[in-house]
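Below is one structure, written out as structure tokens; comments come after it.
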Amino acid sequence: MGNGRSRAEQKCYSQFLPEEQAEVDALFDTLSLDKDSSEALPRSFSLQALKNRIGEALPPEMVTRLYDGMQRVHPTGRAQGPGKGVSQEQFTVSLSHLLKGSSEERSLMILKMISAKEGPVKARDLQKFTEDLVGSVEHVLAHRQELKGWTRKKAPGTPTRVQALAAHLLSEMKLPDGSRPLGPHWLDHACDRATVEDWVFRVPHVATFLRVVIHQGFLVLCSSLDLATLVPQCQVGPGQEFDSVLDVLAVIFLNSHLAREQRYHWRLLFCSRLHGQSFSQLCGRITHRGPCLILLEDQDGHVFGGFASCPWEVKPQFQGDERCFLFSVSPSMAVYRHTGYNDHFMYLNCGQQTIPNGLGLGGQHDYFGLWVDADFGKGHSKAKPTCTTYNSPQLSSKENFRFDKMEVWAVGDPPESQLVQGKKSILDVDPEARALLEITGQTRHSEGLREAPEDDA
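This note's numbering applies: residue 1 is where the sequence shown begins, and numbers increase by one.
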């Protein structure tokens, strides 16, 4: 790389491929030649130059954090000094740590982006950084038109989706005394470098979000960033006006808990606003369609649901396996997985006289972790204190709730059986489902249950 580089800089450059080294150099040249860097030292750039470059792609607070963090890097052991700009050496080391660094190196950059002082930082300052990081990911994906059909709408009420996702990420932290971040008092804790390093190591989203901010903010080394498994493609029937209860941050959160092969695209199977407030419509559209996510928004604004790992079938027995889970999106984000207590993963039934008719996940008859009644529009989430199958708390605002909004998303590729069936109706290939639906009095309306071609797009 030439004799002009320090050992620290050469070490960082060794992590880049030759073409990547050239791209990093070219980006620094652009920044250092900006007219607003004229008063800075030779071969350095100013905060204003950085704002000129990425000020629209990233929120102002993140631009300032990046600049401060870079300027606080001292690879030679000597501080650059305030107002002296960011040198090429600092820029190179910073990008190396943020994009290709270890948990130790990334945690060092995070601490420098939070405070100029060496040593621990307050948990409330780490919380604010995490919220800025999450908000920056949402901002830059929207700016670069990488939302893939999802929105960045503001969810009503508090906390916001940014705050909810940040809180979820921070909930995985182990504080120095071994406790978890619970309640407002934890914000006064001091988080040292070991704590932050352990957090970065155990929560992959932190490193991923840092990479998204750098790659998409600077438009540098973008070929090494795979957004395909971060944000799935939203597939809705052509010409349909649709506003999901999910925004892009909720989608990123849920997508991260799916198997990798299921993260590339989501297909809308059922939406109560598009397909009607009808349990028979729900059954006809979700059975035999592969793994899917069930989403509900109750009348108090709580958003929650469950993941069905196996294709739904209409039958009077429990189904599914240990890959199923329940989750909450609003007001908090959390996932609740199988406890091993029982195998009551999924349940879908209708037309029976002696057992419940509806859709359920976890728990037991009349006491489900999540239940949608066949009398569409009402359900329950019972947990005293938690659901036996998933250890989940009450997900809805009220134990017995009413809802207007329900969505079901198939994830991953369609099952082979569906591809073979082509345009056949589920009712044509599943006599049991057809018979059960006929019991409910839907015989004359069965055409409305046929798969719509546009839903498979």
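Ideal placement from N, C-alpha and C gives every residue a C-beta, glycine not left out.
Opening and closing residue of the alpha helix (DSSP H) in which residue i lies
{"i": "Gly135", "result": "Ala123 to His143"}
{"i": "Arg273", "result": "Ser272 to His275"}
{"i": "Cys292", "result": "Careful: Cys292 lies outside any alpha helix (DSSP H), inside the beta strand (DSSP E) at Cys292 to Asp298."}
{"i": "Lys51", "result": "Leu47 to Ile54"}
{"i": "Leu33", "result": "Where Leu33 is concerned, there is no enclosing alpha helix (DSSP H), given that its DSSP letter is neither H nor E."}
{"i": "Pro60", "result": "Pro60 to Gln71"}
{"i": "Glu105", "result": "Ser103 to Ile114"}
{"i": "Arg285", "result": "Phe279 to Ile286"}
{"i": "Gln88", "result": "Gln88 to Lys100"}
{"i": "Phe253", "result": "Val248 to Asn255"}
Contact under 8 Å by Cβ, residue i with residue j
{"i": "Gly101", "j": "Phe45", "result": "no"}
{"i": "Ala228", "j": "Leu187", "result": "no"}
{"i": "Val465", "j": "Ser107", "result": "Absent from the structure is residue 465, since the part of the chain shown begins at 1 and ends at 457."}
{"i": "His257", "j": "Phe325", "result": "yes"}
{"i": "Phe401", "j": "Lys382", "result": "no"}
{"i": "Ala190", "j": "Pro120", "result": "yes"}
{"i": "Leu175", "j": "Thr130", "result": "no"}
{"i": "Ser103", "j": "Phe16", "result": "no"}
{"i": "Gly458", "j": "Gln262", "result": "In the structure as shown, the chain begins at 1 and stops at 457. Residue 458 is therefore absent and cannot be evaluated."}
{"i": "Ile54", "j": "Phe218", "result": "yes"}
{"i": "Ser94", "j": "Val63", "result": "no"}
{"i": "Gly290", "j": "Pro204", "result": "no"}
{"i": "Ser87", "j": "Arg43", "result": "yes"}
{"i": "Phe279", "j": "Ala374", "result": "yes"}
8 Å contact criterion, which residue i and residue j should meet: CB distance rounded
{"i": "His302", "j": "Leu395", "result": "7 Å"}
{"i": "Leu50", "j": "Leu31", "result": "7 Å"}
{"i": "Tyr341", "j": "Thr389", "result": "6 Å"}
{"i": "Val220", "j": "Glu23", "result": "6 Å"}
{"i": "Leu58", "j": "His139", "result": "6 Å"}
{"i": "Val251", "j": "Leu295", "result": "That belief does not hold up - the Cβ atoms of Val251 and Leu295 are roughly 10 Å apart, past 8 Å."}
{"i": "Met333", "j": "Leu182", "result": "Contact flag wrong, Cβ pair sits at about 15 Å."}
{"i": "His344", "j": "Gly362", "result": "6 Å"}
{"i": "Lys315", "j": "Asn357", "result": "Going by Cβ atoms, the distance from Lys315 to Asn357 rounds to 12 Å, so no, they are not a contact pair."}
{"i": "Leu370", "j": "Gly284", "result": "That belief does not hold up - the Cβ atoms of Leu370 and Gly284 are roughly 21 Å apart, past 8 Å."}
{"i": "Asp25", "j": "Asn52", "result": "Contact flag wrong, Cβ pair sits at about 19 Å."}
Neighbour flag for residue i against chain B, beta carbons, 8 Å
{"i": "Pro415", "result": "The structure shown has no chain B; it contains just one protein chain."}
Spatial neighbours of residue i in its chain, beta-carbon cut-off 6 Å, leaving aside the 5 residues before and after
{"i": "Thr354", "result": "none"}
{"i": "Tyr67", "result": "Leu47 and Leu50"}
{"i": "Leu210", "result": "Leu98"}
{"i": "Asn391", "result": "Tyr336 and Thr339"}
{"i": "Arg144", "result": "Gln216"}
{"i": "Val236", "result": "Phe242 and Leu268"}
{"i": "Val372", "result": "Gly358, Leu359 and Gly379"}
{"i": "Asp456", "result": "The predicted position of Asp456 is uncertain, since its pLDDT is 44 and thus under 50; no value can be drawn from it."}
{"i": "Asp428", "result": "Since pLDDT at Asp428 reaches only 47, below the 50 mark, its modelled position is unreliable, and the value read off the structure follows with that caveat. Nothing meets the Cβ criterion."}
{"i": "Glu20", "result": "Leu221"}
{"i": "Met173", "result": "Pro181 and Trp199"}
{"i": "Leu436", "result": "The predicted model places Leu436 with a pLDDT of 48, which falls under 50 and marks its position as unreliable; any figure quoted below should be read in that light. Excluding residues within five positions, the ones whose Cβ falls inside 6 Å are Val314, Cys350 and Gly351."}
{"i": "Lys423", "result": "The pLDDT assigned to Lys423 is 49, lower than 50, so where the model puts this residue is not dependable; a value taken from the coordinates is nonetheless given after this. Hits under 6 Å: none found."}
Sequence-distant residues of the same chain with beta carbon closer than 7 Å to residue i, five excluded per side
{"i": "Lys154", "result": "Thr160"}
{"i": "Val162", "result": "Glu131, Val134, Gly135, Glu138 and Leu249"}
{"i": "Phe91", "result": "Phe28 and Met70"}
{"i": "Arg260", "result": "Thr229"}
{"i": "Ala207", "result": "Arg106 and Val200"}
{"i": "Leu274", "result": "Gln240 and Phe242"}
{"i": "Ser309", "result": "Pro291, Gly320, Asp321, Arg323 and Cys324"}
{"i": "Gly61", "result": "Rather than Gly, the amino acid found at residue 61 in this sequence is Glu. Excluding positions up to five away in sequence, the list reads Asp132."}
{"i": "Leu152", "result": "The question names Leu, but residue 152 is Arg in the sequence shown. Within the same chain, Arg152 has close Cβ partners Glu138, Ala142, Asp247 and Val248."}
{"i": "Gln352", "result": "Pro316"}
{"i": "Ser171", "result": "Arg180 and Pro181"}
{"i": "Ala40", "result": "With a pLDDT of 49 at Ala40, under the threshold of 50, the modelled position of that residue is not reliable, and the figure given next carries that caveat. Here the set comprises Ser46, Lys84 and Gly85."}
Cut-off 8 Å between Cβ atoms - residues of its own chain near residue i, not counting five sequence neighbours on either side
{"i": "Val231", "result": "Leu141, Glu146, Leu147, Lys148, Trp150, Val248, Val251, Ile252 and Asn255"}
{"i": "Gly377", "result": "Gln277, Arg402, Phe403 and Asp404"}
{"i": "Pro18", "result": "none"}
{"i": "Ala116", "result": "Asp68 and Arg72"}
{"i": "Tyr264", "result": "Ala228, Thr229, Pro232, Gln233 and Gly412"}
Where the beta strand (DSSP E) through residue i begins and ends
{"i": "Glu407", "result": "Asn400 to Val411"}
{"i": "Gln262", "result": "Counting along the chain, Gln262 falls outside any beta strand (DSSP E), and DSSP gives it neither H nor E."}
{"i": "His380", "result": "Lys378 to His380"}
{"i": "Ala308", "result": "Val303 to Ala308"}
{"i": "Pro415", "result": "Run containing Pro415: none; DSSP gives neither H nor E here."}
{"i": "Gln319", "result": "Lys315 to Gln319"}
Distance cut-off 7 Å: residue i Cβ against heavy atoms of the ligand SAM
{"i": "Trp312", "result": "No copy of the ligand SAM appears in this structure; indeed no ligand is present at all."}
If we require 4 or more residues per run, which alpha helix (DSSP H) segments fall completely within the stretch 157–238?
161–170, 193–202 and 204–218
Which runs of the alpha helix (DSSP H) spanning at least 4 residues fall entirely within the stretch 324–372, listed in chain order?
none
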